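Report on one structure; see the data block that follows.
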Amino acid sequence: MAKPSLKNIIEGALLAVGEPLSIDRLRNLFPDSEMPEREAVKAALAELEYDYRRRGIELKEVASGFRIQVRDELSPWVSRLWEERPSRYSRALLETLAIIAYRQPVTRAEIEDIRGVSVSSNIMRTLQEREWVRVIGHRDVPGRPAMFGTTRKFLDYFNLKNLDDLPSLIELRDLEEIHMELDLKLPEEVPAAEGSETEADVPAQEDDPV
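Take the sequence shown: its letter number 167 is residue 167 in UniProt numbering, and every next letter is one higher.
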């Protein structure tokens, strides 16, 4: 029986693991005596990308590495395989996430200044529990407030290789377009008291599995 090609081994690994794999992790699939060079792995990945160009799946490079995924344009059909409803996030949560993504490092007070309302603790907790946002330092001012930034999981979730892949603010008129660009789900509008946010600012538990 012929030994599988490097391309087929990489393809099998990416299909089996269900998460992005870096070039180093792909190389570590092999014993030291057979470990391929980085350029050989890159060439095999390029072949896979070419093979998939007219298929329903694609090879996507994100922050954590490479993964095989269904093409976005097929989601209206593929999503019917799952009965549960997709996660829905409030406008307040999405605006907070967008501000952190574009203005990081940013403090909670700075987020509130930009939005014009206070930010619910539930929103910040949800973003951190999702591991989309983390504390990356403290501002050197009285009180040393925490500064927030996005994470590698944020990039992976939104199919971004790095922050440079975010749509340019010059090309976007407002935060609504950021929501659309990142393909996020907005819930029905929920009235809230002026200058404050409610429990509706975070997704319901049954709609937002961790």
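Even for Gly, the Cβ is constructed at its ideal location relative to N, Cα and C. Nothing here was measured: the structure is a model prediction, and the numbers come from that model.
Our contact map puts residue i next to residue j with C-beta atoms below 8 Å; I'd like the distance itself, whole angstroms only.
i	j	result
LEU74	GLY56	6 Å
Expressed to the nearest angstrom, what Euclidean distance is found between the alpha-carbon atoms of residue i and residue j?
i	j	result
ARG173	THR151	Residue confidence for ARG173 is low, a pLDDT of 47 falling below 50, so the modelled location carries little weight and cannot support an answer.
ALA109	LYS7	49 Å
VAL41	PHE154	26 Å
MET35	ASN28	7 Å
ALA98	LEU26	33 Å
Can you list, in chain order, the residues of its chain with a C-beta nearer than 7 Å to that of residue i? Leave out the 5 residues immediately preceding and following it.
i	result
LEU58	Here the sequence assigns Glu to residue 58, which means Leu is not the residue at that position. Taken in chain order, the residues that qualify are TYR52, GLN69, ARG71.
LEU14	LEU21, PHE66, ARG67, ILE68
SER64	PRO20, SER22, ARG152, ASP156
PRO145	THR107, ARG108, ALA109, HIS138, ARG139
ASN159	LYS60, VAL62
When burial is assigned at 16 or more other CB atoms within 10 Å of the CB, is residue i buried or exposed?
i	result
residue 215	With the chain running from 1 to 210 in the structure shown, residue 215 is simply not present.
TRP82	exposed
LYS60	buried
VAL133	buried
ILE11	Looking at the sequence itself, residue 11 is Glu, so the reference to Ile does not match. Answer is buried; the Cβ neighbour count reaches 16.
ARG54	exposed
TYR89	buried
Leaving out five residues on either side along the sequence, give the residues of the same chain with a beta carbon under 8 Å from the beta carbon of residue i.
i	result
ILE136	GLN104, PRO105, MET147, PHE148, GLY149
ILE100	VAL106, ILE111, LEU127, VAL133, PHE148, GLY149, THR150
I'd like the list of long-range same chain contacts for residue i, defined as Cβ closer than 6 Å, with 5 residues on each side in sequence excluded.
i	result
SER79	none
ILE114	ILE99
(request) Decide yes or no for the touch test of the stretch 140-150 against the stretch 113-123: beta carbon pairs closer than 8 Å, at least 3 of them. (result) Contact between the stretch 140-150 and the stretch 113-123 is absent, with fewer than three C-beta pairs closer than 8 Å.
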